[in-house]
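Chemist: Okay, so the sequence shown: first residue is 151 according to the numbering used here, each after it adds one.
After the structure tokens below, expect a handful of questions from me.
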Amino acid sequence: MRVRNLSGRRILGTLAAAALSAAAVISFTAAPVGAAPYLPAGDGDPFYAAPADLASAVNGQVLKVQPAASPFPGSTAQKVQFRSTNSQGEPIAAVTTVLVPNGGARHDLLSYQPFTNSLGLQCAPSHQLFRGGLQEQQLIGLALARGVAVNVPDHLGPTSAYGAARLGGTITLDSIRAVQSDPGFRVGKVRTALAGYSGGAMASAYAAVLAPTYAPELNLVGLSAGGTPVNLEAIARTLGVNPNPLFGLGFAASLGLEREYPNELALSEQLNPRGVALADQIRNSCTQQIIDAGANLKIADVVGGGSLSDDQAGVDALNRNSVQMYPGAPRIPVLLYQGASDQLTPTARVQATAAKWCRQGTRVQTIILPGDHGSTIATGVPFALNYINDRLSGAAAPSTC
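Structure below.
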């Protein structure tokens, strides 16, 4: 389907309303010469610094390993730096955390992509896992208790490009390559499932659709994606521009996308003084700080003239981060679960994506649960875990196609 050239005002209004989602993005004018995104401060831990010979490595190649004290009893934890590639085709040093149940046997692998609504590098899963700050910590612990190793990538990348879903997909695939390449991680080239909710589901779904061409060698066996914002235009068309208590998250996502597409997007050039102050305030912040800083604002409060210009480059960036717009489909079984009253990700769009994938031969099971976007992250856990367990065990995949 074709994405209409929506007003930047409406798209940023969408961002502001996308509370738990890294899905929403903004379409704005092409970046003029000299435009500079609001980048985060560097990570103080030298482990995260890119090596000088990064460009000579291949995607998924391990660059560094750092053992860590696992937050889950009965398991080991290691941080792994590896090479990946950003949306400009440039090499990047990305990081993942691999958690493995104790014991000498090799373990099947779950790659779990958390939803990470942040601009600060300290908010990444490889930090928050060890501070008890990851909201999906319990699900990861349950997977480990079932004897499954868990890969948890920092899928926003080294600039915390909040909102860049396609980048999240490539980082996820390269993280799996990395943890499966070293015998010391005790996973090897095993059966691997993908899972995530909301923004994490976006990265997971993109990994699934990109895998046949980007990483065909991986033994992927299934995808569980909940509350997936599959089409950003659809979100934009359903939400307004009134003051919103969660405006800060949307504003942060627009800044994150500008980090990933600096030659195409130029929000920073259009901010008024209040917008500049807000961008400076949150450029290194995690979720709650971002919410507090932007509470009850609207687009007219932060942009000069009260609106944003549209440009095809911005619309293209919107399309590239909407998995429904991707022409291919996963070649692995898929579970899509969704709250019936999800106010952020229209159920009809999720069902349309399922139908599209079904037509291309993918076995898709769609489950609609009672509840909204916030509650379904909890009520969907049993469905997600059981689906993952069945795919890793080799059981036949159900389908509602």
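For every residue, glycine included, the Cβ atom is placed at its ideal position computed from N, Cα and C.
Could you check the C-alpha separation between G253 and P395 for me, to the nearest Å?
Modeler: As a first step, residue 253 must be located in the sequence shown, where it is residue number 103. As a first step, residue 395 must be located in the sequence shown, where it is residue number 245. Approximately 47 Å between the Cα atoms of the pair.
Chemist: Taking one C-beta from the segment 474 to 489 and one from the segment 350 to 363 each time, how about it: are there three or more such pairs within less than 8 Å?
Modeler: Touching, per the Cβ criterion.
Chemist: Going by beta carbon distance, what residues of the same chain come within less than 8 Å of L519, once the five residues before and after it are set aside?
Modeler: Looking up residue 519 in the sequence shown gives position 369. Within the same chain, L519 has close Cβ partners Y487, Q488, G489, A490, T526, T529, G530 and F533.
Chemist: Among all the DSSP beta bridges, which residues are the ones paired with A218?
Modeler: What you label residue 218 is simply residue 68 of the sequence shown in a count that begins at 1. The partner list for A218 (beta bridge, DSSP) reads A227.
Chemist: For P264, list the residues DSSP reports as bridge partners.
Modeler: Here residue 264 refers to the residue found at position 114 of the sequence shown. Answer is none; P264 lacks a bridge partner.
Chemist: Does the beta-carbon of P480 have 16 or more other beta-carbons within 10 angstroms, so that it is buried, or is it exposed?
Modeler: Here residue 480 is taken as the residue at index 330 of the sequence shown, counted from 1. Buried: at least 16 other Cβ atoms inside 10 Å.
Chemist: What residue from L447, R327, S206 and S234 has the CA that sits closest to P308's CA?
Modeler: To locate residue 308, count along the sequence shown from 1; it is residue 158. Of the listed residues, the one whose Cα sits closest to P308 is S234.
Chemist: Going by alpha carbons, who is nearest to L289 out of C273, Y188, P412 and A345?
Modeler: Working through the sequence shown from its first residue, we reach residue 289 at position 139. It is A345 whose Cα lies nearest to the Cα of L289.
Chemist: Could you tell me the distance, in whole angstroms, from the CA atom of Y537 to the CA atom of A403?
Modeler: By 1-based counting over the sequence shown, the position of residue 537 is 387. By 1-based counting over the sequence shown, the position of residue 403 is 253. Between Y537 and A403, the C-alpha separation is close to 30 Å.
Chemist: When DSSP builds the beta bridges, which residues end up paired with T516?
Modeler: Sequence index remark: in the sequence shown, residue 516 carries index 366 (1-based). DSSP, once it has assigned bridges, lists L486 as partnering T516.
Chemist: Roughly how many angstroms separate the alpha carbons of A172 and R424, rounded to a whole number?
Modeler: In the sequence shown, the residue the question calls residue 172 occupies position 22. In the sequence shown, the residue the question calls residue 424 occupies position 274. Low confidence applies here, because A172 scores a pLDDT of 33, under 50, leaving its location unreliable and the question unanswered by this model.
Chemist: When you compare the segment 317 to 337 with the segment 225 to 239, are there three or more beta-carbon pairs, one atom per stretch, that lie closer than 8 Å?
Modeler: The segment 317 to 337, when compared against the segment 225 to 239, does touch it at the 8 Å Cβ threshold.
Chemist: At the level of alpha carbons, what is the spacing between L494 and H523?
Modeler: Residue numbering aside, residue 494 sits at position 344 when the sequence shown is read from its first letter. Residue numbering aside, residue 523 sits at position 373 when the sequence shown is read from its first letter. So the alpha carbons of these two residues sit roughly 7 Å apart.
Chemist: Who are the near neighbours of T388 in its chain, counting only those whose CB is closer than 7 Å to its CB and skipping five residues on each side?
Modeler: Your numbering for residue 388 matches position 238 in the sequence shown. Any reading at T388 must be qualified, since the residue scores a pLDDT of 48, below 50, and its modelled position is unreliable; no value is offered.
Chemist: Express the C-alpha separation of Q439 and C273 in angstroms, rounding to a whole number.
Modeler: Looking up residue 273 in the sequence shown gives position 123. Looking up residue 439 in the sequence shown gives position 289. About 11 Å.
Chemist: Just the Cα atoms here: how many angstroms apart are V500 and D203?
Modeler: For the purposes of this step, residue 500 is taken as residue 350 along the sequence shown, with counting starting at 1. For the purposes of this step, residue 203 is taken as residue 53 along the sequence shown, with counting starting at 1. In a straight line, the C-alpha of V500 is about 42 Å away from that of D203.
Chemist: Identify whether T247 lies in helix, strand or coil by the three-state DSSP scheme.
Modeler: As a working mapping, residue 247 is identified with position 97 in the sequence shown. DSSP places T247 in strand when its eight states are reduced to three.
Chemist: Considering Cα atoms alone, identify which of Y476, D492, G521 and I517 is closest to W507.
Modeler: Against the sequence shown, residue 507 aligns to sequence position 357. Comparing Cα-Cα distances from W507 to each of Y476, D492, G521 and I517, the minimum goes to Y476.
Chemist: Locate the alpha helix (DSSP H) running through L542, then write down its first and last residues.
Modeler: As a position in the sequence shown, residue 542 is number 392, starting the count at 1. L542 -> alpha helix (DSSP H) spans V531 to S543.
Chemist: What are the boundary residues of the beta strand (DSSP E) that includes L344?
Modeler: Within the sequence shown, the letter at position 194 stands for residue 344. Unbroken beta strand (DSSP E) run through L344: T342 to Y347.
Chemist: DSSP state of S549, grouped into three classes?
Modeler: Numbered from 1 along the sequence shown, position 399 holds the residue referred to as residue 549. Note: S549 maps to coil in three-state DSSP.
Chemist: In three-state terms, what does DSSP make of P423?
Modeler: For this step, residue 423 is matched to residue 273 along the sequence shown. If DSSP states are grouped into helix, strand and coil, P423 belongs with the helices.
Chemist: What is the rounded straight-line gap between the Cα of L448 and the Cα of G349?
Modeler: If you number the sequence shown from 1, residue 448 lands on position 298. If you number the sequence shown from 1, residue 349 lands on position 199. Checking the sequence, you will find Lys at residue 448 rather than Leu. In a straight line, the C-alpha of K448 is about 22 Å away from that of G349.
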